[in-house]
Structure formats: structure tokens, C-alpha cells
Amino acid sequence: MCVDLEQIRKQAELMTGEVADTLRQVANEIELLRRHLAEAHTSNADSERLNWLCEQAHDEYYREISRTYITLPRIKTQKNGVTAMTLREAIDLVRQPRDRDL
1054 MCVDLEQIRK QAELMTGEVA DTLRQVANEI ELLRRHLAEA HTSNADSERL NWLCEQAHDE
1114 YYREISRTYI TLPRIKTQKN GVTAMTLREA IDLVRQPRDR DL
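Each residue of the sequence shown is one higher than the one before, starting from 1054 at the first, in our numbering.
Dropping the structure here:
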């Protein structure tokens, strides 16, 4: 439903008393609500643009990291007859004391 604020204000000028005051107040409130709605719409559009930019930056950043991990060679480390196949296992294995250190 479209409300014509100028029409409401003209009607308020033709009337007197509390009815005229109420019509003026209604026109002012509708105008204020329209302004808030326009600001919210603009803010929402800005927020959507910001979210899109964040997603793009996130995708670009993590795509590079994923490629790095995918291209890493498999690790195979042996010490004291124990074989390590992952980086974590290799680090733990290297940190273990040698048999002669015990």
C-alpha cells in the first residue's frame, strides 16, 4: 500500500485540533520509517558486499595453502627400526633418544 505523505499533510492543514496533530505525526513517522528502511537497505547491501569480499579473500588465501599441502611429498623416516610416515611422527621419532643414549 502506497501512502502519499503530501496528501496526509494537506488533510492535516484542513483539519484542526487533535486530529490534525495526529495526521502530522503520522506523516512524520512514515517519513522517518521510510528513511530507516532506506538506510537499512543500504547497510544490508554494504554488508553483503563485505561478506562477498571476505569470501573471495578467504578462498584465494586458502586455495594457495591447500595447493601447498597437496603438493608436499610423503615423508618416510626411519630410526631404530621404526618408520614414520607423517611429519608429526617424524618429528617425534627424531626427538626420541638413540639406543646408545639410554
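Glycine included, C-beta positions come from ideal geometry on N, C-alpha and C. No experiment lies behind these values; they were computed from the predicted model shown.
In its chain, beyond the 5 residues on either side, Ala1065 have a beta carbon closer than 6 Å to the beta carbon of Arg1077.
The C-beta separation of Leu1058 from Ala1080 comes to about 5 Å, placing the pair in contact by the 8 Å criterion. Under the DSSP assignment, Lys1132 falls outside any alpha helix (DSSP H), being part of the beta strand (DSSP E) whose first and last residues are 1130-1132. Leu1086 has its alpha-carbon roughly 32 Å from the corresponding atom of Glu1108. Arg1102 has its alpha-carbon roughly 53 Å from the corresponding atom of Val1135.
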